[in-house]
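Numbering (the numbering used here), first residue to last: 7 to 564.
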Amino acid sequence: KEKETVAAQAEALRALDEAKSRVFANISHEFRTPLTLILGPLEDVREGVRGAIPEAAAQSVASAIRNGRRLLRLVNQLLDVSRLEAGRLTLEARPLDTAAFVRHLAQVFAPFAERKHITFRVEVPEHPVTAFLDPEQFEKVLANLLGNAFKFTPEGGTVSVRLGTEAEADGPVAFVLTVQDDGPGIAPEHLPHLFDRFYQADASSTRQQPGTGIGLALVKNLVELHGGAIDVESTLGEGASFTVRVPLGRAHLRDEDVVEADPFEAAWYVEQDATLLLDEIRPAPTPDKPDAKADEADADATTVLVVDDNPDVRAYVRSHLAARYRVLEAADGEEALAATRAHLPDLVVSDVMMPKLDGFGLCRAIKTDPEVDFIPVILLTAKASFESKLEGLEGGADAYLTKPFEVRELAVRVENLIASRQRLKAHFAGGGGDVPQGNGAAPPLEEGADPFTAEVQAVIAARLSEDDFGIDALAADLGMGRTTLYRRIKDAFGGAPMELVWQMRLERAAALLQQQEGTVSEVAYGVGFKSVAHFSRRFRAAYGTTPVAYAAEHAGSV
7 KEKETVAAQA EALRALDEAK SRVFANISHE FRTPLTLILG PLEDVREGVR
57 GAIPEAAAQS VASAIRNGRR LLRLVNQLLD VSRLEAGRLT LEARPLDTAA
107 FVRHLAQVFA PFAERKHITF RVEVPEHPVT AFLDPEQFEK VLANLLGNAF
157 KFTPEGGTVS VRLGTEAEAD GPVAFVLTVQ DDGPGIAPEH LPHLFDRFYQ
207 ADASSTRQQP GTGIGLALVK NLVELHGGAI DVESTLGEGA SFTVRVPLGR
257 AHLRDEDVVE ADPFEAAWYV EQDATLLLDE IRPAPTPDKP DAKADEADAD
307 ATTVLVVDDN PDVRAYVRSH LAARYRVLEA ADGEEALAAT RAHLPDLVVS
357 DVMMPKLDGF GLCRAIKTDP EVDFIPVILL TAKASFESKL EGLEGGADAY
407 LTKPFEVREL AVRVENLIAS RQRLKAHFAG GGGDVPQGNG AAPPLEEGAD
457 PFTAEVQAVI AARLSEDDFG IDALAADLGM GRTTLYRRIK DAFGGAPMEL
507 VWQMRLERAA ALLQQQEGTV SEVAYGVGFK SVAHFSRRFR AAYGTTPVAY
557 AAEHAGSV
């Protein structure tokens, strides 16, 4: 009876597994239709079928096509997995010149290797090495192995692909294909599970390279379907070497797995999977760095730092924020933390899963550093669970959006968070009182000063919190032209009109920091600065210290 129960349970599990595979296959097939209807029209637009498009739009279309192809490759892999599980993936093997096949596919990867400054060595016999392979399926094997090698090899490294034969007394019996890299290598505890489906050697949120854990499992299945075997050798820190061994001839294949074809014709049925894969591993563009020679207007622009290891995501977010803000970029958490401390952005928008330091760690580092803890942080993530959201909010995140996010919502969140840091403007507007003097161009007023100097100071003080207040507005309020205004202020204060405005803003800010009236960002916005970074640079130049240090030094003195 127990055996019958176990057998019934096994049968039920088998039926459930088959049902799961059918659903898996059906869903994968359903994905392909809308992807076709997405990629096709986009490619028509890019090719100008519907008319010429602006350069900015062309870049957006190219990004959409590139990521659509990445999704298509993932769907193809999922479909292959489901067909393998159901035993429905059959080969269309034919006599194939393996040497020509490897050389041709290597040429597809050569430009990528050159762009990434990786030495790519291809060692393939000049004479044909004929084996019975399905070119479409075996391309997935070689493309995955080369893709992983390039993905994990740093600039200046080396990737090698070698093809040889294994011989016995009667002659060659198998071909041997080896793909080797000098990347970070694989820890010994991961090697036994490397070809397990959905297994990831690095499943942390700070992994260096994205992945699904499907590729190598699919490679192993496809190699075994060809009657071959695959092995891996690796030493941590010294790279990895994958070796594929497949028998020559057709005795190891079923008759239904073999089709008759010209051995050289099949060598050119490749590149589809490799082309899709190259979209995933292309080098990321260098993040934009702020221009040290930027003009004063740009220096005082409200600045947003966008952090994501995917350059397309950064470009997408930037395209929607650049019209209103100065946008800086960083490709990982460590780079973002350094940029935050160096440039003091007004807000940080960060992904969660990134190399080196993830978004949670970046948020905690910002919120526990008194020099930058006033900077709001928005986290963007594919982790939609309540626990992940709670972790982000507990780490100090000011907002948490799940991918795919609506960019209009992100723009509103950015605007609201920056506006909330500016809420003291009304409170600070027209503030007076005794304030410490900085090192600006204008000296302090003495008692009995002429009415003009008092009027100028009163006008500036009344509009100090207006970030667009400038020379034209000051001249209009005083009822004189720009040239007259410049000459009279130069005579009265010894400096240019805007230098006087900046000095009075800094003096008011110093008083507010002494009085603990708000955070650094609230004070900066409250006295008319658009950028915390610009405020901090001017404050340090005037008072010889940062606003945070100044506030701490003078705490309780007023």
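Every residue gets a Cβ at the ideal spot worked out from N, C-alpha and C, and that includes glycine.
| Query | Result |
| --- | --- |
| Sub-8 Å separation of V323 and A342 beta-carbons | no |
| Simplified DSSP state of F531, which is helix, strand or coil | Note on identity: in this sequence residue 531 is Tyr, with Phe being the wrong assignment. It is helical. |
| DSSP state of P410 mapped onto helix, strand, coil | coil |
| CA-to-CA distance, P317 to P291, given in whole angstroms | For P291, the predicted structure reports a pLDDT of 47, less than 50, and the residue's modelled location is therefore unreliable. The matter cannot be settled from this model. |
| Bridge partner(s) assigned by DSSP for S542 | BP columns for S542 are empty, so no partner. |
| Span of the beta strand (DSSP E) around I384 | V383 to T387 |
| Counterpart residues of A246 in DSSP-defined beta bridges | D187 and S240 |
| Straight-line gap, E8 to I44 (C-alpha atoms, nearest Å) | 54 Å |
| Helix, strand or coil at T374 [DSSP, three-state] | coil |
| T42 classed as buried or exposed, judged by whether at least 16 other C-beta atoms fall within 10 angstroms | exposed |
| Whether T309 touches A547 by CB criterion (8 Å) | no |
| For G255, the first and last residue of its enclosing beta strand (DSSP E) | Counting along the chain, G255 falls outside any beta strand (DSSP E), and DSSP gives it neither H nor E. |
| Closest Cα partner of H199 within the set A173, D187, K226 and D176 | K226 |
| Neighbour-count burial assignment, D176, 16 or more Cβ in a 10 Å radius | exposed |
| Any 3 or more C-beta pairs closer than 8 Å across the stretch 152-160 and the stretch 230-243 | no |
| Start and end residues, alpha helix (DSSP H) containing R260 | Careful: R260 lies outside any alpha helix (DSSP H) and carries neither H nor E. |
| Spatial distance of T489 from L512 (CA atoms) | 25 Å |
| Distance, R419 Cα to V250 Cα | 51 Å |
| P101 (DSSP reduced to helix, strand or coil) | strand |
| Endpoints, the beta strand (DSSP E) within which D357 is located | L353 to D357 |
| Start and end residues, alpha helix (DSSP H) containing G476 | Neither: G476 is in no alpha helix (DSSP H) and is coded neither H nor E. |
| Backbone secondary structure at V130 - three-state DSSP | coil |
| Helix, strand or coil at V167 according to DSSP, with G and I counted as helix | strand |
| Presumed contact (8 Å Cβ cut-off) between G163 and G189, rounded CB distance | 7 Å |
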